[in-house]
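Each residue of the sequence shown is one higher than the one before, starting from 2 at the first, in my numbering.
A quick write-up on the structure given underneath.
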Amino acid sequence: MDWRPFIVCEPEAQPPRMRGLRTPEGLGDRMRTAAFAEYQAIRAFTWAVARFDDVPEGLRADWAAQIPEEAAHYEAIKARMEALGLALDARPVSDRLSRALMASTDGRDFCIHMARSEARGRQAGLRLAAQLSQRDPQTAAVFLRIAEDEIRHVALADRYYGWRPELGVE
Ligand SMILES: [Fe+2]
Ligand SMILES: [Fe+2]
2 MDWRPFIVCE PEAQPPRMRG LRTPEGLGDR MRTAAFAEYQ AIRAFTWAVA RFDDVPEGLR
62 ADWAAQIPEE AAHYEAIKAR MEALGLALDA RPVSDRLSRA LMASTDGRDF CIHMARSEAR
122 GRQAGLRLAA QLSQRDPQTA AVFLRIAEDE IRHVALADRY YGWRPELGVE
């Protein structure tokens, strides 16, 4: 799959370790990973809408409605990275999430796996926003804004399948 502008590492390889958050490079590593998660979400929901016809009435329309929101999340992180002089392709990222999602055997499996990953991503975004609140409130605001939308995204798994993330774990 063509993931440009990102550079994706080989399936069996680990992406490079994140550098310290106190450095611009370390912030770039976290923002790149977050941007790629949003980018994968755009592709994953687009794929799922076409792929799964075994889901409850309304879920595919809800997935489709989320695609522009994931695109807005991606654009917001990308724009903030550009303003900070951080490059999307400075280091490789992993597409493990996409490979796992596309191994879903049915719509329920996809929905819950996606919601779990969105819940985790949301927690990571909130942690990052808290760490940046003093020294980079503009970047923090980007992640807080995204976290608001992700509450609704994660809630789809509860609405359709009764699945909720375990607090503190997810
Ligand atoms: Fe998102
Ligand atoms: Fe999302």
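All residues carry an ideal CB built from backbone N, CA and C; glycine is no exception.
The residue among A156, F7, Y162 and A45 with its C-alpha nearest the C-alpha of T34 is F7. Within the DSSP bridge table, the entry for V9 names V94 as partners. Residues of the same chain with a CB within less than 7 angstroms of the CB of L102, apart from the 5 flanking positions on each side, are A45, F111, H114 and M115 in chain order.
Annotation: T24 is outside any alpha helix (DSSP H) and is labelled neither H nor E by DSSP. Between the alpha carbons of A14 and E71 lies a distance of about 26 angstroms. Here P16 is near P93, since their CB atoms are less than 9 angstroms apart. Taken from the Cβ of E151, at least one heavy atom of ligand 1 lies inside 8 angstroms. Here DSSP, grouped into helix, strand and coil, assigns A116 to helix. Considering only I68, I78 and T106, the residue with the shortest C-alpha distance to G29 is I78. Inclusion of R123 and E151 in the CB contact set at 9 angstroms is warranted, their separation being smaller than that value.
One alpha carbon belongs to A84, the other to T140, and they sit about 10 angstroms apart. Taking non-hydrogen atoms of ligand 2 into account, the C-beta of H74 is found less than 8 angstroms away from one of them. The closest heavy atom of ligand 1 lies 8 angstroms or more from the beta carbon of A158. Excluding the 5 residues flanking it on each side, V50 has same chain C-beta neighbours closer than 6 angstroms at R61, W64 and A65, in chain order. Bounds of the alpha helix (DSSP H) holding R160 are P138 to Y162.
Contact between G108 and D55 holds: CB atoms are separated by about 5 angstroms, below the 8 angstroms threshold. Taking the C-beta atoms as reference points, Q135 is found no nearer than 9 angstroms to S99.
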